[in-house]
Structures are given as C-alpha cells and as structure tokens.
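Going left to right, the sequence shown walks through residues 1031 to 1277 as this note's numbering numbers them.
All C-beta atoms, glycine included, are put in the ideal place defined by N, C-alpha and C.
Source: prediction; values computed, not measured.
I have placed the structure first, in the form of structure tokens, so that the comments after it can refer back to it.
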Amino acid sequence: MLKRREVLGFLVGTAAVSLIGCWRGQSTSAKPIGTSTQTPNRKAIAQTPTCVAKPQQTEGPYFVDEKLNRSDIRSDPSNGAVKQGVPLRLVFRVSGIDGSACTPLRGATVDVWHCDALGVYSDVRDFNGDTQGQKFLRGNQVTDANGTAEFVTIYPGWYPGRTAHIHFKIRTDSASGRGSEFTSQLYFDDALTDRVHAQPPYAAKGQRTQRNDGDSIFQDGGDQLMLQLTQDAQGYVGTFDIGLQRT
C-alpha cells in the first residue's frame, strides 16, 4: 500500500486530480522569518513555473463546515468578541496546473481553521471545554481572478500532542458536488513559535510540550508545508503557493 505522501492523485467523478505546490517568485523586500527544514532543488527553482509535490494531511477532529465566508476570522460572529494574539495575514495563491504552466485558479473555496492562543478550537466539545455555537478562527474565501484567497487571523497557540499548526482545505466546484477536495496543514519555524509563545496571551498557557520534530503528523511531510513568514507593522505575513493538476 502506498503511503499518504506517495499518493498525489485522487479520483473525483471521472477526473483524476492531484495537488502540487507551485513555486512562484517571492518578493525580496521583506526578510523571511524562519526557514523550512527542506531545501528546494535549485535547478528546479530556476524553471518558470516550478511545481513540487505537497502532501495531504489529516483533517483532524475539529473541521466544521461552517460555510462562513469571511476574510478576517478573528472574531466570533455570535458576540463580536475578537481573539487576541499576534496578527497573521495568510495568503493562499491557488493555481491550476496544465502541463508545465501554472495559471491562477479562480473560484476555488479555501477553508481555514485553527486553535486560539490558548489552544482552544471553536464550535467543538473536547478536553478544553464546550465552545459549540462559537465560530472564532474559522472561515472561508473564494479565490479571485488571481487565484488568491486571503485571511486575517492570529498566530496559533498549542495544545497537548501537537505542534503549532493551521488547518486548510481547498475545494473546487463544491456547489455542484463534482469538484475535488484537498486537505492539509501549515507549520511554523520552531524558533519563531518559541518567541511568539513567550508573549501574552500565549504565555499564560505555559511552555508547549510538542515541537515540530516530535509531532507525528508533522513527520508525515510537514517539512514540505512550512509557512514562510515575513514581518510587517502589524505582525506577520505568510504566503502559500499551491496548485491543482487535472489529468
């Protein structure tokens, strides 16, 4: 049986769809914060465009299909309360792959969900308590003509057994039920997470008990899902390039 990271294709209706990350040119005006543990192939990077495989990872127990279309996901719509934490602007650039060309994919739905600074998810009942009915740090955006979906959120906290991470799901043509779906997670440089989590409100949780290399889910391809961050006046900005290939 193939391992999950080896299975890049999946069937949806009669179309076989595989997900690959598309490396695009990045601005050099801001200094990146943290680096991936995997060094991309330099020869491949010289090509335009260049695409590398991105592994699918588990959805986990906390996905709720809220159908909550919004860019700023920090607040709870039920009462307007805003989750506190280091601001993070998260930009997905989704492409359609046709041969060697990566072109912007319009109309894909990108869902994002993650825990707050103290490791709590909204709209669930678990060891942290009952947050059912609350919808903080959840939302989706539909990619525009440039294939872009952008979110304003906070740097995630932690909870036992997991390193800091953000869940995401990309769906194409979800309204018809004939589209494709890809689910994975984003990760952060451990040194940066240590600095962020030393600040309030994160510090109230205490020192985290799991880092990237000890997280069993991260070990299954997480080094290919590191979010490269730059710092701005508000906090951090992370851009993640990813593409859907139809065969």
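Query, Result
"Alpha-carbon spacing of E1089 relative to T1213, whole angstroms", "6 Å"
"The alpha helix (DSSP H) enclosing R1119, as first and last residue numbers", "That residue, R1119, is in no alpha helix (DSSP H); its beta strand (DSSP E) goes 1117-1128."
"Coarse secondary structure for T1223, derived from DSSP in three states", "helix"
"CA-to-CA distance, D1271 to F1122, given in whole angstroms", "6 Å"
"Member of R1168, I1247, T1193, G1252 whose CA lies at the smallest distance from the CA of R1241", "T1193"
"D1253 in three-state terms, based on DSSP", "helix"
"Cβ-Cβ distance between G1115 and P1231 below 8 Å", "yes"
"6 Å CB neighbourhood of N1296 in its chain, flanking five on each side removed", "A question about residue 1296 goes unanswered here, because the residues of the chain that appear run from 1031 up to 1277."
"T1178 - containing beta strand (DSSP E), residue span", "1178-1184"
"Short Cβ contact (8 Å threshold) for I1247 with V1124", "no"
"Euclidean distance between Cα positions of P1186 and H1144", "7 Å"
"One or two residues paired with I1200 in a DSSP bridge", "V1140, F1212"
"Span separating the alpha-carbon of P1117 from that of L1148", "15 Å"
"Residue closest to S1105, alpha-carbon to alpha-carbon, out of Q1215, L1167, A1175, T1133", "L1167"
"Host beta strand (DSSP E) of C1132 (start-end)", "1131-1134"
"The beta strand (DSSP E) enclosing L1098, as first and last residue numbers", "Taken as a continuous stretch (DSSP letters only), L1098 belongs to no beta strand (DSSP E), as it is neither H nor E."
"Q1162 at chain B interface by Cβ criterion, 8 Å", "Protein chain content of the structure displayed is limited to a single chain, and chain B is not contained in it."
"Y1151 to G1126 span [Cα, whole Å]", "32 Å"
"Beta-carbon proximity check, P1085 vs Q1254, cutoff 8 Å", "yes"
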